[in-house]
Structure formats: C-alpha cells, structure tokens
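These notes are about the structure you will find just below.
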Amino acid sequence: MSLDKADLLLAGAEAKFKELAPKVAQDQQLALQFWAKLIANSKAVVSLVQTDYGSPAAMVHRVSIEHFAYMYGLVNGVITVESVEQQLKYDILKNAKGLDSAQRRDDKAGRDVLTEENRQHLAEFLDDDGNKVKDPGVRVYNILGELDLDFIYNIYRLYSVNAAHANMFSCRWNPNEAEVTVLLDNVNDLLEIAGALWQEKVGSGELA
Numbered sequence: 008m009s010l011d012k013a014d015l016l017l018a019g020a021e022a023k024f025k026e027l028a029p030k031v032a033q034d035q036q037l038a039l040q041f042w043a044k045l046i047a048n049s050k051a052v053v054s055l056v057q058t059d060y061g062s063p064a065a066m067v068h069r070v071s072i073e074h075f076a077y078m079y080g081l082v083n084g085v086i087t088v089e090s091v092e093q094q095l096k097y098d099i100l101k102n103a104k105g106l107d108s109a110q111r112r113d114d115k116a117g118r119d120v121l122t123e124e125n126r127q128h129l130a131e132f133l134d135d136d137g138n139k140v141k142d143p144g145v146r147v148y149n150i151l152g153e154l155d156l157d158f159i160y161n162i163y164r165l166y167s168v169n170a171a172h173a174n175m176f177s178c179r180w181n182p183n184e185a186e187v188t189v190l191l192d193n194v195n196d197l198l199e200i201a202g203a204l205w206q207e208k209v210g211s212g213e214l215a
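By my numbering, the letter at position 9 of the sequence shown is numbered 16, and the numbering carries on one by one without gaps.
Encoded structure:
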C-alpha cells in the first residue's frame, strides 16, 4: 500500500469511528477505546514512515496489534472488562514485588533509592490481601489464538524481534521499500478488520 492510500485509509477509519462510536453501548466503551488507540497508533506509523523512520514505525505497529487484540477479544467475549482489570492489578502486583526485591538488594549495598514514605506505601500495598490477585492470563498470544488469528500474532513476534526488543538485529534493521509496503499493508489489514467488526456488530444491534 502506498502512502497516498494510507492517508485515505486513515481518513476512512476515523470517519467510521465517528459514525459508529456514538451508537456503541456503555458496556463496550473499553473496547471502543482500544479501537481509538488502534487508529491513533496507525496514524503514528504512517507519519513515521513518511519521515523515513521505518523501524520505529514497526515498533508502534506492534503496539497497535496489542490494542487490536484487546479490542477484538472484548467485542467477541474472549476476554472481559473484569479480566482486563484483573490483569492490570496482577501486573501492578508483579512490579511491586520486583520493586520490593530490588529495594532489598539496594539496602544490602547501602543505597537509599526509595524514600521512607514510598517504602511504607510499598509495604502496605504488598501486605493488603486485596492486592494479591491471580494472573488471569490475558495475553496477546492467548487472545489471538482463541480467535483463530494466529497469523496476526506471527506478525507481532516478527516486529518484536525486528524493532521492539534490543538485539543485534534490531539495532541494525531499517526496513527497505518492500518491507515498508508490507508494514503499511498490515496497518491496512488491522484497520479494515476492525472497521468491519464494528460495522457488523453495531449494525446488527449487538453492541448498540
């Protein structure tokens, strides 16, 4: 897909969002927000490609796939708002445990990294049984696999290696013209699939 066509695609996606968003039921607002993020990220991808920042564009597109997966999963009932909220709480708990472990190592080394106030807040958070949630397993891999969209996950992993993670390849990789075309085609595919999904669900009254 050419950049000229990409601009037209983005304009069409934004128009469809403005048309359908007011008709979406309250219980699907989180999914709607992920759709909005997908469109915003896609605009960023095109802008980066236009200024010859192909590798960062691929990195942003990887995030687009995450937002797409959550949106698609919510709309189709593969995940729920509650499971997404629990995943966030679990991730916060995991980070808090990591921070606590790092703090203990800093203490042994004689480094004061956290203030006493922050130490107290961290200890209170970890002692609160209400924060000890289980991992619900909300993952891009699980969502896309459940929806039979493994091919999108394969693209996700490709851009993880090529652009999103630090490695010998990503520090050297800058997509050539053919690879940029594939990237823009991927942007096109996600936006078209998303638009068709919302058109179908809202049009049928399922999400309205």
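Virtual Cβ for every residue (Gly too), placed ideally from N, Cα, C.
Label residue i either buried or exposed according to how many other C-beta atoms from any shown protein chain fall within 10 Å of its C-beta, with 16 as the threshold for buried.
i      : result
Pro182 : buried
Leu95  : exposed
Arg179 : exposed
Val147 : buried
Asn174 : exposed
Val168 : exposed
Give the straight-line distance between the Cα atoms of residue i and residue j, rounded to the nearest whole angstrom.
i      : j      : result
Ala185 : Leu16  : 19 Å
Thr121 : His128 : According to the sequence shown, residue 121 is Leu rather than Thr. Cα-Cα distance, rounded: 10 Å.
Asp134 : Gly144 : 23 Å
Arg111 : Asn125 : 14 Å
Arg164 : His68  : 11 Å
Go ahead and pull the three-state DSSP assignment for residue i.
i      : result
Pro63  : helix
Met175 : coil
Arg126 : helix
Gly144 : coil
Met8   : coil
Asp135 : coil
Ser167 : helix
Arg111 : helix
Kindly list the residues whose CB is nearer than 7 Å to the CB of residue i, restricted to its own chain and excluding five residues on each side of it in sequence; keep chain order.
i      : result
Val187 : Val56 and Gly61
Val85  : Ile150, Glu153 and Leu154
Residues in the same chain with beta-carbon distance under 8 Å from residue i, minus the five sequence neighbours each way, listed in chain order, please.
i     : result
Leu10 : Val53, Val56, Gln57 and Leu191
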